[in-house]
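Following my numbering, the numbering of the sequence shown begins with 3 at its first residue and continues without gaps. Working notes, beginning with the structure itself.
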Amino acid sequence: MDLSSSNISNNSNNNTSPLSLRAVFLDRDGVINLPIIKNNLPFSPGNLNEFIFCDGIVETIREIKNRNYLVIVVTNQPDVARGIKVKDEIEKIHQYIKKHTLVDEIYCCYHDNKDNCDCRKPKVGLFLQAQQHFSSQRSQCSQCSQINFNESYMVGDRKSDMLVGRKLFLKNIFINYNYHEPAPSITDYDYIIETTNANTNTNHLKQILNFVI
Ligand SMILES: [Mg+2]
Ligand SMILES: [Zn+2]
């Protein structure tokens, strides 16, 4: 993919440096696809048969791209390390997402806590991988062609998404499904999208476009 012409050089009308890259980081389950809800807690699909796009997300991603952001998915899939899910099936889901949306890349942590990796959110490894990858695609100036986290966003439905966003000074958008788990505190996010029920597709993700400008 060549970012040198389309995304960057015609970006000089806003207050961003024309050479800085901006990104919208999207959590996967609850943002790209419907989570599977059991006891008001979210679980991830184990294969494509269980995968359903959230209403409006494909169009929302397209519009985010029109606004000159990279769109990067960052997801924890610890059920692979736990032996509950098969990595090949998860990768098929990710190929499917890439085929049907304009996402630039998907970064996935397959570890569990006991692996003590650097990439399981709320750790920042997936985001640094993305920053490294997209800056190395542009040769002239490695400093100014990095993803500028200050100008970027994190969209997620769990506390860990908001905590990692805060570590990197991303602008946080919290999608509140009212899961039966500790919610992020009001200081952990910048914007909130309220929803009624994660089991129903209500087109609520289009509200992302109210915040990502
Ligand atoms: Mg999620
Ligand atoms: Zn990891």
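Ideal Cβ positions, reconstructed from N, Cα and C, are used throughout, including at glycine.
Any non-hydrogen atom of ligand 2 within 7 Å of residue i CB
i: H113; result: yes
6 Å CB neighbourhood of residue i in its chain, flanking five on each side removed
i: S46; result: D31
Cα-Cα separation between residue i and residue j, rounded to whole angstroms
i: F171; j: N152; result: 6 Å
i: H206; j: D106; result: 22 Å
i: Q217; j: I54; result: This structure does not reach residue 217, given that the chain is present from 3 up to 215, and the question cannot be answered.
i: A25; j: S137; result: 12 Å
i: I149; j: D192; result: 20 Å
i: E91; j: T77; result: 15 Å
i: T204; j: D57; result: 7 Å
i: C111; j: L211; result: 27 Å
i: N51; j: K161; result: 27 Å
i: E65; j: V214; result: 10 Å
i: D120; j: H113; result: 9 Å
i: P186; j: L165; result: 8 Å
Residue i CB to nearest heavy atom of ligand 1 below 7 Å
i: R122; result: no
i: G32; result: yes
i: P184; result: no
i: P44; result: yes
i: G167; result: no
i: G85; result: no
Beta carbon proximity, residue i to chain B, threshold 8 Å
i: V33; result: Looking for chain B here will not work: only one protein chain is present.
Residue i beta carbon near ligand 3 (any heavy atom closer than 7 Å)
i: C119; result: Questions concerning ligand 3 fall outside what the structure shown contains, since the ligands it does hold are ligand 1 and ligand 2.
I'd like to know if the segment 118 to 127 and the segment 87 to 107 are in contact, where contact means that at least 3 CB-CB pairs between them fall below 8 Å.
no
What runs of the alpha helix (DSSP H), each 4 residues or longer, lie entirely inside the segment 52 to 77?
59 to 68
List in chain order: all unbroken alpha helix (DSSP H) runs of 4+ residues lying wholly within the segment 71 to 158.
89 to 102 and 127 to 138
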